[in-house]
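The listed protein sequences derive, respectively, from chains A and B. So this note's numbering is basically just the index in the first sequence, starting at one, shifted up by 27. So this note's numbering is basically just the index in the second sequence, starting at one, shifted up by 665. By construction, the Cβ of each residue, glycine as well, lies at the ideal position given by its N, Cα and C atoms.
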Amino acid sequence: MLKIKNLKASVEGKMILNGINLEVKPGEVHAIMGPNGSGKSTLASVLAGREDYQIEGGEVEYIGKDLLDLSPEERAREGVFLAFQYPVEIPGVSTTNFLKAALNQVREHHGKPALDAVSFLKLMKEKMALVEIDQALLSRSLNEGFSGGEKKRNEIFQMAMLEPKLAILDETDSGLDIDALRIVANGVNKLKTRDNATILITHYQRLLDYIVPDFVHVLHKGRIIKSGDKSLALQLEEKGYDWIKEEADTVSA
Amino acid sequence: MSKDNQILEELTKSDYKYGFHSDIETESAPKGLNEDIVRFISAKKEEPEWMLEWRLSAYRHWLTLKEPTWQNVTFPEINYQDIIFYAAPKQKISPKSLDEVDPELRATFEKLGISFDEQKRLTGVAVDAVLDSVSVATTFKSKLGELGIIFCSFSEAVREHPELVKKYIGSVVPVNDNYFSALNSAVFSDGSFCYIPKGVRCPMELSTYFRINAMNTGQFERTLIVAEEGSYVSYLEGCTAPMRDENQLHAAVVEIFAAKDAEVKYSTVQNWYPGSKEGKGGIYNFVTKRGLCSGDGSKISWTQVETGSAVTWKYPSCILKGDNSIGEFYSVAVTNNYQQADTGTKMIHIGKNTRSRIVSKGISAGKSQNSYRGQVKVMKRAEGARNYSQCDSLLLGDKCGAHTFPYIDVENPLAIVEHEATTSKIGEDQIFYCNQRGIATEDAVALIVNGFAKEVMNQLPMEFAVEAQKLLAISLEGSVG
C-alpha cells in the first residue's frame, strides 16, 4: 500500500528526514517511536502534503501512485488521513457541516453522489457510537473550546466518517487521560480492517497497550534506526532511547 | 446542510453571475442635472406641486454642498453633468396582473431567479420589483390591503397616499442631511413605500429587488417605511446588476420610522457589479439609510450582506429617541480585487434605557480595502443606555487592508459602552486542515468565511441566508492560492 524509499525532507533549509525507508501493507499497524525532534511529526506532515516541508529526495508510492505528486486534498480523497497532533479551530463551522463538505468531496472524487441529509445523519450516529462522542459536541464550532481529549476524540470520529485506507495518527495519545485514551484506542481498533493500514506516531508505549502494532520502528535523526515487533516498544519503555541511539551512532561512526 | 453543497457547486463558476443586459427600450432624460431635469422627472411621474417644490429645495441645497472626502476610499471625480438622472422602461399601461407584464422584462427577472409565479405560490413573499427606475409589478397587494398595509412603489404612494408621504418623507433623513441624500431628494426616480398600521403584524416578508439596467444611468431609489404603534414588519432588499464598464452612481435613501412598540427588521443583500478583477468599472454605492425609533419601546434592526460595488459608502443608523428603544446592526462586508468599502453604523442614544448592538464582520481579499466606521453617541439624558459593539476583520492574503474607525461619544456617566475588535487571517493551518480532509482550497475558504460571518447570517430570513452564503463564496473566488 505504502512504500517509502530513501525519503529526505527539510524545513527552512534544515534537514529533518535523512532517508526514510518503510513499507506498509494492508491490514498492518506500524508504530513509529522516537525521542523529541527525531522527525516523527515531520514524516506525518510530509505524507499528508504540508507545504512547509521541502522534499529533498526519495520517493513515496501509495496504492500504485506517486504520493508526492498529489495535492493534499487529492491524497485525502485517495484515502490518506492524518489525525492531527494539534487540531486547528475553525470558528463558526460545526464538525457536522465540516464533515459533510469533506465527505461529499471525497465521494465526488470517487464518482459517487453526495449523501442526502438523512443518510448523512444515519452514518454520523453509527460512527458516533464508535468513539463515544456526544452529538452536542458535533454541533459546536470545530475544535473551538474543545478540551484536549475532545479534540482527539473528534479526530478519530472524523477518521471513522471518512474511512481512510491509510490513517496516520500523530501523537493522538498525547494529552489524553487514561479513560479518553481507552476510548480513542477502542475506536481505532474497531475501524481496523484487512484492507486499511495505520501508522501510529507516538512518544510513549502506553498507547501500544491498547492498539497492538505489528511493527515498531524507532526514528532518530531522521532515520529509522531500529525496527522490530511490539516487544521493541516494551524495551524502549524500560530502557529509554539512549541505548539505541548509542548503537546507531556507533554504527554510523 | 445542503446549503454547503450549493456553495460548492457555485464555486466552480467564476464570472460575475448576473452580468447580462436585457433589451428593453428606455425613455431617458438628457444627460446632466439642472432645475429643468428635476422638473422633467417630477412631470414624468405626474407629481403634485408640493413634491416638485420639495425636490427643488433639495436640489438648491445640494448646489451649496461639496462632495464629502472624509471616507477611506478613493475614486475618480464624478461628473454629475455626464449622468442620466432618469430612465424608465417604456410601458404605457400599468399591468393589472403578472400576465400583462412585458415578457422580456419577466424573462430578465427569471434569469435573476425571481419567478413571480413561484414566489406567489410558494414563498409568501410580496415582491415589488424595480427595474431601473419604475416599479413594474406588485404582487400580494390585495392580501396586504385587507390588513391595511400599504406596500407600493414610491410614485404610487405620492399619488395615492400623499398625506402619509408628505408627513414622513425627510422626517428621518432631512433634505439637507448630506451631499448624496440631498442629491437623491432632488432626483429620486422611484422606490418603495411601506406603511404598517397600528397593531398590525405584517404576515409576510416584504421584498424589493433593485436592478440597474440602462447604460450610464444613475439609480436614485427612495424607500420609506412607516411602522405605526405596536406593528411589526420584516423588509428585504436585494439587488444584482449587469456587467458594465463605466462607473455607475447609486445613491439611495432609506428612511424608517418606528412608533411606540413598533419593530422593523430591514435586511439587505447587496451585490452590485463590483468591477472587473483589474478594478475596471463597477458601481459606486453611496447610500443613506437611517431609522428613527421615535416611540418608546420601539426597535429597528439592520442586517446587511455587502459583497458588491466598486466603492461602498454606507452607514445604516438608528436614532434611539424613545425610551427603552433598541437599535441593532448586523453586517458582513466582503471586498475582493480592487473593491473599497467604508461601512458601519451610527447608534444615537437619546432616550432612557436605550440599547444598541453592533456586530460587524469585514472580510478583505485581493487588493481591496475594507473599513468599519461606527459611531456610538450617548446623549446627556440617555440614562441607562447600553451599547455593545463587536468588529471582526478577516484578511485573505497580504495585499488587502482592514481598518476600524470607532467613534464613541458618551455624555451620560451611567451609560455602558463596550467595544470589542479582532483582526485575523485565514491561517494556512486552517486551509491545510480542510485540505487534509479532502476539501479543496476555494471551498475551504468559503467554509471558513461563512463560519466567520455566521452570527450575522443567522439574522437573515431563511431565503436570503441561502443566497447570501452563495454570494460570499462567489465574491471570494480566486482570492486564495
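- As for any beta strand (DSSP E) of minimum length 3 sitting wholly inside the segment 75-159 of chain A, the runs are 81-89, 107-110, 117-121, ordered along the chain.
- At a cut-off of 8 Å between C-beta atoms, Gln1101 (chain B) counts as an interface residue with respect to chain A.
- The segment 917-926 of chain B makes contact with the segment 959-969 of chain B, as at least three CB pairs between them are under 8 Å.
- Assignment of Phe853 (chain B) by DSSP, reduced to helix, strand and coil, places it in the coil class.
- Between Ile271 (chain A) and chain B, the shortest Cβ-Cβ separation is not below 8 Å.
- In the DSSP secondary-structure assignment, Val952 (chain B) is bridged to B:Lys979.
- Tyr931 (chain B) counts as buried, since at least 16 other C-beta atoms from the protein chains shown sit within 10 angstroms of its C-beta.
- Glu100 (chain A) belongs to the set of residues whose beta carbon lies under 8 Å from a beta carbon in chain B.
- In its chain, beyond the 5 residues on either side, Val837, Val838, Ser982 have a beta carbon closer than 6 Å to the beta carbon of Arg955 (chain B).
- In this structure, Asn1100 (chain B) sits away from Pro114 (chain A), with a CB-CB distance that is not shorter than 8 Å.
- DSSP places His826 (chain B) in the coil class of the three-state scheme, outside both helix and strand.
- Closest by C-alpha distance to Glu1083 (chain B), out of B:Ala1105, B:Asn1052, B:Glu1107, B:Ile1104, is B:Asn1052.
- The residues Val830, Phe858, in chain order, have a CB closer than 6 Å to that of Ala822 (chain B) in the same chain once the five nearest residues on each side in sequence are set aside.
- For Phe994 (chain B), the secondary structure class from DSSP, reduced to helix, strand or coil, is strand.
- For the C-beta of Ala1105 (chain B), the chain A residues within less than 8 Å are, from N- to C-terminus, Glu100, Gln132.
- Not flagged as an interface residue toward chain A: Ile748 (chain B), since no C-beta distance is shorter than 8 Å.
- For Trp967 (chain B), the enclosing beta strand (DSSP E) stretches over residues 964-971.
- Residue ranges of uninterrupted beta strand (DSSP E) with 3 or more members, entirely inside the segment 1032-1099 of chain B and ordered along the chain, are 1034-1043, 1051-1060, 1066-1075, 1081-1090.
- In the DSSP assignment, Ala194 (chain A) falls within the unbroken beta strand (DSSP E) covering 193-197.
- Pairing Arg824 (chain B) with Lys709 (chain B), the inter-Cα distance amounts to about 13 Å.
- Relative to Tyr80 (chain A), the option among A:Asp93, A:Val133, A:Ser37, A:Leu94 whose CA is nearest is A:Ser37.
- In the DSSP assignment, Arg887 (chain B) falls within the unbroken beta strand (DSSP E) covering 886-892.
- Nearest in C-alpha terms to Glu116 (chain A), of all of A:Glu274, A:Leu44, A:Glu171, is A:Glu171.
- If the five residues before and after Leu1136 (chain B) are omitted, its C-beta is found closer than 7 Å to the C-beta atoms of Val934, Asn936, Val970, Thr972, all from its own chain and listed in chain order.
- Taking 8 Å as the threshold, the shortest C-beta distance from Gln1095 (chain B) to chain A falls below it.
- In this structure, DSSP gives Tyr231 (chain A) a state outside helix and strand, which the three-state scheme calls coil.
- Closest option to Tyr1072 (chain B), judged by alpha-carbon separation, among B:Thr1010, B:Val898, B:Asn1001: B:Thr1010.
- Secondary structure at Phe750 (chain B): coil, using DSSP grouped into helix, strand and coil.
- Neighbourhood of Leu1112 (chain B) in chain A, by CB distance below 8 Å: Ile117, Val120, Asn124, Phe125, Ala128, in chain order.
- In summary, Glu893 (chain B) is buried, with 16 or more beta-carbon neighbours lying within 10 Å of its beta-carbon over all protein chains present.
- The contact set of Gln185 (chain A) on chain B, defined by CB atoms closer than 9 Å, consists of Arg1102 in chain order.
- Excluding sequence positions up to five before and after Ser1054 (chain B), its CB lies within less than 6 Å of the CB of Ile1023, His1084, all in the same chain and listed in chain order.
- The residue from A:Leu109, A:Asn124, A:Val120, A:Lys67 with its alpha-carbon nearest to that of His230 (chain A) is A:Lys67.
- For Gln736 (chain B), the three-state secondary structure derived from DSSP is coil.
- For Met1122 (chain B), the enclosing alpha helix (DSSP H) begins and ends at 1119-1122.
- Neighbours of Tyr1098 (chain B) in chain A, taken as residues whose beta carbon is under 8 Å from its own, are Phe111, Pro114, Val115, Ile117 in chain order.
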